[in-house]
Amino acid sequence: MEAAFLGLGGMFALLIVLLLAGVRVGIALGAIALLGLWIGFDYPLLDGAGLAFFESINSLSLTAIPLFVLMGELLLRAKFVDDVYRLMTLILQKVPGGAAYANIGSSVIFASMSGSSIANAATMGTVAGPTMVKLGYSKRLTFGSIAAGGTLGILLPPSTVMIMYGGMTGESIGALFMAGILPGIIGAALFCLVIFVGSLIHRRKTGVIPGGAFDSGVVGERSLGQTVVSVVAVLSLIVFILGGIYAGLFSPTESAGVGAGAALLLGLGFRRFNLKQAWAAVGSTVYVSAAVLFIIGAAGMFSYLLKYLGYTADISAWLSTSGLPVWVIVLLVGVFYLVLGLFIESTSLIVMTIPVVYPILSSLGVDGVWLGIIIIILVEIGLITPPVGMNLFVLQRVKAGQTFSDIALGSLPFVGALLALVVLISVFPSIVTWLPGLSG
491 MEAAFLGLGG MFALLIVLLL AGVRVGIALG AIALLGLWIG FDYPLLDGAG LAFFESINSL
551 SLTAIPLFVL MGELLLRAKF VDDVYRLMTL ILQKVPGGAA YANIGSSVIF ASMSGSSIAN
611 AATMGTVAGP TMVKLGYSKR LTFGSIAAGG TLGILLPPST VMIMYGGMTG ESIGALFMAG
671 ILPGIIGAAL FCLVIFVGSL IHRRKTGVIP GGAFDSGVVG ERSLGQTVVS VVAVLSLIVF
731 ILGGIYAGLF SPTESAGVGA GAALLLGLGF RRFNLKQAWA AVGSTVYVSA AVLFIIGAAG
791 MFSYLLKYLG YTADISAWLS TSGLPVWVIV LLVGVFYLVL GLFIESTSLI VMTIPVVYPI
851 LSSLGVDGVW LGIIIIILVE IGLITPPVGM NLFVLQRVKA GQTFSDIALG SLPFVGALLA
911 LVVLISVFPS IVTWLPGLSG
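Numbering (my numbering), first residue to last: 491 to 930.
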């Protein structure tokens, strides 16, 4: 047992050192796997590393990743998120803190387009950040709400992280999509509660968006009618995709294809881009998807090494006979993710740990879908927590006079909201399991 803990600890320590040295996560995972196989088992098992890489990405479900990425790229380049934010700003312009609420509401919708927290934060930061600061909003509230809204990108479908988790564990991606909806909505509501309290405490700093904002340019150059039509079209696409999965009309992979095709038609139909720009979106999709799939393949090699070392089986056997309650073990795993999330980027953290954590907890009877949502929320907290919160660094690039401390301190109340969400889901697991149960 000591050998298992020491072996895993040594591999993770080496992995963290490589990541801190700037080595890409896929290369680091693959190198450790090959080194471990060579030292521990020599050539017979080393030959199987390539097959393990191939089998990890040779999955129909993983084809949803490039298709959903393409859908997000097309909708992003068509600037539909601008319309969503500006329309919500117009609706909420008389509400104290209205633009901050619009950040959260727009992020909920944009998350369904991009499936990426970093893309969500980057886009909303560019669209909303400078405008809110000019309107007199507190920089902490402005960038805290944008950073927090960005975390919804990997909790709400179609989340590429959910697809990765499902591909690595064998859990149903459709069930994961359904499982993330209620926690995502509750998370958005908790964020709005934070904004409400902040608006009461700092009313002078939050201000109210003045009337006539649409004509002043806050809402945009397009007419109100054009904006409403484009927002309705995007919402209809999202509802159709998720409703189709829920109703069993098509699989997550098929829905990704439908979404990508529909996004292309919407962009061309609304004359938001031309074929050259659409081709540029394809290029970005290839770059992002290749990186993600390479990481998954390297994680497959890492899992292959762990399988033959037997570390996860040894730890599972020890935990099952240790007498520790399952909830204590889950709590320890949660603390583990919170600590590592302070230093390791979210996708890297999930890929590194799932080959170890999932087999151990599933052997103890923990529901795999529920576990996936909990891990995703814990990873979200890392996205907005210094020193490595990726959303914080993305927002630092926005030119609105903010400092890194403004962004970091502004995000802390939202960290509390996410922790409250973890507690709610732990006490009431049906928040996660109810919708997947209805969809079968």
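C-beta: ideal position from N, C-alpha, C; glycine also. Remember, predicted model here, so these are calculated numbers, not experimental data.
CA-to-CA distance, residue j to residue i, given in whole angstroms
i    : j    : result
S848 : L580 : Reading off the sequence, residue 848 comes out as Tyr, not Ser. The alpha-carbon atoms of Y848 and L580 are separated by roughly 45 angstroms.
G734 : L925 : 14 angstroms
I871 : T811 : 32 angstroms
G660 : V782 : 17 angstroms
L727 : G891 : 36 angstroms
I676 : R887 : 29 angstroms
G701 : F686 : Per-residue confidence for G701 stands at a pLDDT of 35, beneath the threshold of 50, marking its modelled position as unreliable; no derived number is given.
G512 : L739 : 44 angstroms
G707 : V574 : For G707, the pLDDT reaches just 46, beneath the cut-off of 50, and the residue's location in the model is therefore unreliable, although a value from the coordinates is still provided. Each residue's alpha carbon lies about 15 angstroms from the other.
L725 : L672 : 18 angstroms
T743 : I691 : 46 angstroms
G773 : I866 : 28 angstroms
P845 : I506 : 16 angstroms
L830 : L566 : 31 angstroms
G499 : I547 : 27 angstroms
M614 : L642 : 12 angstroms
A665 : G626 : 43 angstroms
I819 : S852 : 12 angstroms
R514 : A768 : 28 angstroms
Y798 : G595 : 47 angstroms
I731 : I599 : 13 angstroms
V585 : V912 : 29 angstroms
V729 : K624 : 34 angstroms
V718 : C682 : 23 angstroms
S916 : S713 : 46 angstroms
G906 : T923 : 23 angstroms
A780 : S836 : 17 angstroms
Supposed contact pair residue j and residue i - C-beta distance, whole angstroms, cut 8 angstroms
i    : j    : result
G670 : M654 : Not really, about 13 angstroms apart at Cβ, beyond 8 angstroms.
L527 : L795 : 6 angstroms
L928 : S901 : Going by Cβ atoms, the distance from L928 to S901 rounds to 34 angstroms, so no, they are not a contact pair.
L809 : L854 : 6 angstroms
S689 : G587 : 4 angstroms
A856 : V816 : The displayed chain sequence assigns Val, not Ala, to residue 856. Confirmed, Cβ separation roughly 7 angstroms.
L680 : A910 : 6 angstroms
Residue j beta carbon less than 9 angstroms from that of residue i
i    : j    : result
L885 : F633 : yes
A611 : A637 : yes
I864 : G824 : yes
V748 : V559 : no
A542 : S793 : yes
A554 : I644 : no
Y921 : L509 : The question names Tyr, but residue 921 is Ile in the sequence shown. No; because the gap between Cβ atoms is not below 9 angstroms, this pair is not in contact.
A746 : L557 : yes
S607 : L873 : yes
S838 : I785 : yes
V684 : F904 : yes
G639 : A678 : yes
L496 : V721 : no
R630 : L814 : no
L832 : P876 : yes
S649 : N593 : no
G715 : A601 : no
Y736 : M668 : yes
M501 : I529 : no
F760 : A807 : no
Cut-off 7 angstroms between Cβ atoms - residues of its own chain near residue i, not counting five sequence neighbours on either side
i    : result
R762 : A568, K569
M622 : A589, T632
E545 : G790
T802 : L796, V846, P849, I850
G538 : Y794
T775 : P556, V559, L560, E563
D896 : K629, R630, F633
Chain-order list of residues whose beta-carbon lies under 6 angstroms from that of residue i (same chain, five-residue window excluded)
i    : result
A788 : G516, L519, G520
S549 : G657
Y827 : L868
L564 : A753, L754, G757, A771
V617 : D572, Y575
M977 : Given that the chain is displayed from residue 491 to residue 930, the structure contains no residue 977 and the question cannot be resolved.
L914 : none
G879 : L873
L582 : G588, Y591, A592
L765 : none
Neighbourhood of residue i by C-beta distance below 8 angstroms, restricted to the same chain and skipping five residues each side
i    : result
K889 : P620
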